[in-house]
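Chains as they are written, first to last, in the numbering used here: chain A, 1 to 228; chain B, 1 to 228; chain C, 1 to 228; chain D, 1 to 228.
Ideal Cβ placement from N, Cα and C applies to all residues, glycine included.
The structure displayed is predicted, hence computed values, not measured ones.
This report concerns only the one structure given below.
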């Protein structure tokens with residue numbers, strides 16, 4: 001897992017011994033994108049067209065908790081996708097352990113729609129609301145944790161782009177640690193007061209609406225890929 | 001969000017400060033394509049094989065509103081995909097805010113199958129038809145609006161290809177504005193007369209069967225990508 | 001839709017006026033692949049785990065028509081994918097009308113799983129078997145027809161690779177025409193004798209297990225893409 | 001299926017006669033990734049939000065066999081994906097017969113979620129547990145066998161990267177043969193003692209948590225793809 005190449009030279013397939021064949025990030029991103037897209041769309045599958053009759057419009061309206069579930073799930077999965085898109089510029093290679101950590105992260109992304117639906121579909125029920133919210137906030141914390149594990153694994157295996165300024169990488173590290181710590185704290189808090197735990201967890205999510213810091217390179221920034 | 005590069009040079013990762021890492025359009029297109037493909041296929045999931053018996057053929061035939069739902073949804077999502085494919089030649093980079101706007105647009109695409117089914121599956125019911133049609137026309141208007149927001153965001157952040165002729169970009173802008181205005185007008189009209197609103201909304205869709213204008217560049221047109 | 005470029009030069013974005021922006025085939029292939037993958041996997045969704053109890057093994061076995069539906073659907077969709085992979089080497093560019101024809105073809109691919117299931121799940125029912133088989137053979141014919149329309153459109157718009165030997169393109173054309181004619185004939189035959197129609201339709205499918213002819217170029221064959 | 005090219009030169013489209021057009025591995029990987037992603041996510045679809053009421057938390061907890069099904073399925077499909085990612089560096093081209101073998105392998109991947117669910121959802125039922133476990137272990141063996149068929153086909157058609165050290169390719173061959181033999185043995189054993197068969201089958205899976213051997217090339221290793 002050491003790395004002695006000149007960063008200006010492109011990486012080679014046999015470069016990180018103990019990590020299988022080293023490849024670029026594109027295939028990892030394609031698998032992730034397909035999985036993000038499916039997880040994003042699944043809550044729509046729960047929507048059933050109401051029976052015909054005079055109250056059809058009202059029945060369409062009564063589905064609002066399912067619309068909310070879709071929107072909430074789209075917000076969370078969409079924001080994770082936007083930042084995963086960004087981190088695809090942060091990593092330069094993908095080896096075996098980084099892929100395993102990616103699968104762990106994607107396991108959380110594939111699952112998150114269910115706790116989201118559990119919370120949104122029972123938001124109006126005074127008895128089910130509290131356990132559903134706790135379940136949701138815990139699932140958000142598990143997803144944040146899986147993201148952090150992925151990041152730490154990529155750092156440890158040398159898959160992070162070695163052309164980035166080390167100070168920039170440290171700032172990114174602190175940001176991910178802080179967001180995960182807050183998400184785990186929110187999960188603990190939710191057991192005491194679910195409204196407070198939920199508020200903290202959603203605040204962390206909304207924080208990700210802000211653009212991440214533009215990467216800083218030691219030398220000249222690499223070309224944006226995909227240029228013909 | 002300013003841009004001072006020579007357009008003949010390829011863009012670089014750190015080029016649009018405040019937009020995270022700037023990348024090409026490919027990954028955005030892959031996520032979009034996966035989501036388009038899922039949204040396209042989901043209405044088929046509603047089709048259940050009829051029970052065996054002497055009326056099997058008739059029961060297969062009775063599913064026609066679900067076939068119609070699939071075809072109508074394939075038409076709308078397919079046309080949006082064809083034009084999204086085209087707009088992938090219009091944009092050159094993808095930054096944070098453009099990705100957020102893309103997620104908003106894809107939220108609409110992921111959802112549009114449900115109002116389509118609500119309308120097509122209740123088209124023969126005199127009571128449900130009107131609210132279902134209004135719901136459908138409103139969803140089409142929301143999708144057109146999300147497309148326009150994506151376009152306007154891409155223009156504002158400098159993600160539109162800077163090698164395009166400005167007059168060409170202005171014509172594109174007017175076209176998207178006109179189509180969105182008509183779609184929103186159709187939604188309003190549908191509350192008064194649903195048949196009229198639906199007709200206007202479908203006319204806008206059918207208009208997109210026509211090829212968009214071939215792009216005009218200030219210098220020589222860039223190579224079609226993907227050439228070996 | 002004319003084409004005056006030297007075939008050794010790569011195509012350019014503005015090259016086929018009236019076709020929008022001309023791009024390579026990659027994005028069309030990504031959308032197609034995602035849709036193929038979803039259509040391929042959907043029949044598995046119909047499989048429900050049997051209730052517990054002493055006859056669990058027998059109930060697992062009783063699901064055989066659904067296993068058959070999956071295998072039959074995987075055979076047909078898989079073979080179309082293998083040949084679509086090949087035709088991705090035959091086309092060089094994608095313009096507006098070719099994309100429209102691709103959407104039409106993918107509409108058929110997304111749907112084909114349903115008639116497949118209707119036939120396989122009712123194969124043991126003496127009353128439902130015949131209409132289900134006719135429905136299936138007609139759907140196969142519609143898919144073959146959509147493939148031919150896609151091919152003819154690509155020929156007409158100049159999206160077929162202009163470096164291919166014209167005699168080779170003519171042989172491909174005859175092959176697709178023959179396969180489609182046979183599939184449509186099978187659909188007509190199925191109304192008279194469903195077993196005969198089904199046999200012809202499946203023979204056409206099985207014919208596609210054979211490798212297509214290796215492309216013949218006027219000059220030197222292009223590089224296989226994806227080489228680093 | 002012979003191969004006389006200098007391995008330092010990139011492969012060309014017409015290079016393996018009898019295999020259709022030879023292309024790189026990228027499109028095969030995109031179709032595989034989409035299918036892996038769908039198969040990965042489908043078990044989440046089985047999760048239904050419990051009815052509201054005082055026992056909501058307990059009902060959420062009672063779904064644990066379905067959570068287990070998702071995790072077990074994610075482990076198996078995720079590990080196959082990680083190794084399929086790696087084998088994407090082992091193959092250099094894709095021809096007709098290798099694609100057919102890939103479709104066979106993906107048929108197994110698309111199906112594996114169902115036996116996984118059958119086993120995990122009935123793990124607490126004393127009557128259904130044994131047949132469900134046998135079904136699961138047999139499905140794992142069929143998947144391993146399909147992987148081996150894919151590998152052997154790729155070797156026979158010359159799609160394996162000809163720049164790899166032959167001794168390295170032989171070691172890979174022995175590893176895949178051993179893993180498949182063990183998986184098939186586990187399936188046989190499961191009919192005698194399901195616990196023993198399951199233990200062997202899962203041991204083979206867990207073995208794949210280890211990184212595969214880094215590829216060894218005759219000359220200099222190729223560049224990791226995806227570098228701008």
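Contacting residues, own chain, Cβ-Cβ under 6 Å from residue i (five flanking each side not counted)
i	result
residue 105 of chain B	146, 147 and 150
residue 101 of chain A	149, 150 and 153
residue 194 of chain B	130, 133 and 134
residue 128 of chain D	122
residue 47 of chain B	66
residue 184 of chain C	141
Of the residues the options, the one placed nearest residue i, counting alpha carbons only
i	options	result
residue 79 of chain C	C/61, C/95 and C/112	C/112
residue 202 of chain A	A/134, A/99 and A/165	A/134
residue 208 of chain A	A/162, A/144, A/185 and A/116	A/144
residue 21 of chain C	B/191, B/87 and B/109	B/87
residue 192 of chain C	C/177, C/137 and C/172	C/137
residue 60 of chain B	C/46, C/161, C/132 and C/51	C/132
residue 130 of chain D	C/76, C/98, C/172 and C/52	C/52
residue 72 of chain A	A/215, A/206 and A/213	A/206
residue 140 of chain D	D/108, D/215 and D/7	D/108
residue 14 of chain C	B/89, B/9, B/58 and B/76	B/89
residue 163 of chain D	D/218, D/184, D/115 and D/54	D/218
residue 50 of chain B	C/74, C/118 and C/45	C/118
residue 221 of chain D	D/32, D/74, D/175 and D/165	D/165
residue 103 of chain B	A/169, A/125 and A/33	A/33
The ligand NAP heavy atom lying under 7 Å from the CB of residue i
i	result
residue 51 of chain C	The model on display carries no ligand, and the ligand NAP is accordingly not part of it.
Chain A contact for residue i (CB, 8 Å cutoff)
i	result
residue 141 of chain B	no
residue 189 of chain D	no
residue 1 of chain B	Model confidence at residue 1 of chain B stands at a pLDDT of 41, short of 50, so the residue's coordinates are unreliable and nothing is read from them.
residue 118 of chain B	yes
residue 44 of chain D	yes
Any C-beta of chain B under 8 Å from that of residue i
i	result
residue 38 of chain A	yes
residue 83 of chain C	no
residue 108 of chain A	no
residue 267 of chain C	Residue 267 of chain C cannot be examined here, being either before or after the span of chain C that is shown, 1 to 228.
residue 223 of chain A	yes
Own chain, CB closer than 7 Å to residue i, minus 5 neighbours either side, in chain order
i	result
residue 121 of chain B	65, 66 and 69
residue 189 of chain B	196, 197 and 200
residue 211 of chain B	none
residue 57 of chain A	none
residue 110 of chain A	35 and 39
residue 74 of chain C	40
residue 7 of chain B	162 and 163
Any C-beta of chain D under 8 Å from that of residue i
i	result
residue 10 of chain A	yes
residue 150 of chain C	no
residue 171 of chain A	no
residue 113 of chain A	yes
residue 31 of chain A	yes
residue 207 of chain A	no
Short CB-CB distance (under 8 Å) between residue i and chain C
i	result
residue 193 of chain D	no
residue 97 of chain D	yes
residue 51 of chain D	no
residue 22 of chain D	yes
residue 103 of chain D	yes
Test: residue i CB closer than 8 Å to a CB of chain E
i	result
residue 88 of chain B	No chain E is present in this structure, whose protein chains are A, B, C and D.
Contacts around residue i, its chain only, beta-carbon distance under 8 Å, and the 5 residues preceding and following it disregarded
i	result
residue 10 of chain D	none
residue 83 of chain D	208 and 212
residue 167 of chain C	216
Ranges of the alpha helix (DSSP H) found wholly within the segment 165 to 209 of chain D, counting only runs of at least 4: 166 to 192 and 194 to 207
Cβ contact (3+ pairs, closer than 8 Å) linking the segment 24 to 37 of chain D and the segment 92 to 111 of chain D: yes
Length at least 3, wholly inside the segment 101 to 156 of chain D: the beta strand (DSSP E) runs in chain order: none
Sequence ranges, alpha helix (DSSP H) only - wholly within the segment 17 to 92 of chain A, length at least 4: 26 to 41, 56 to 62 and 64 to 90
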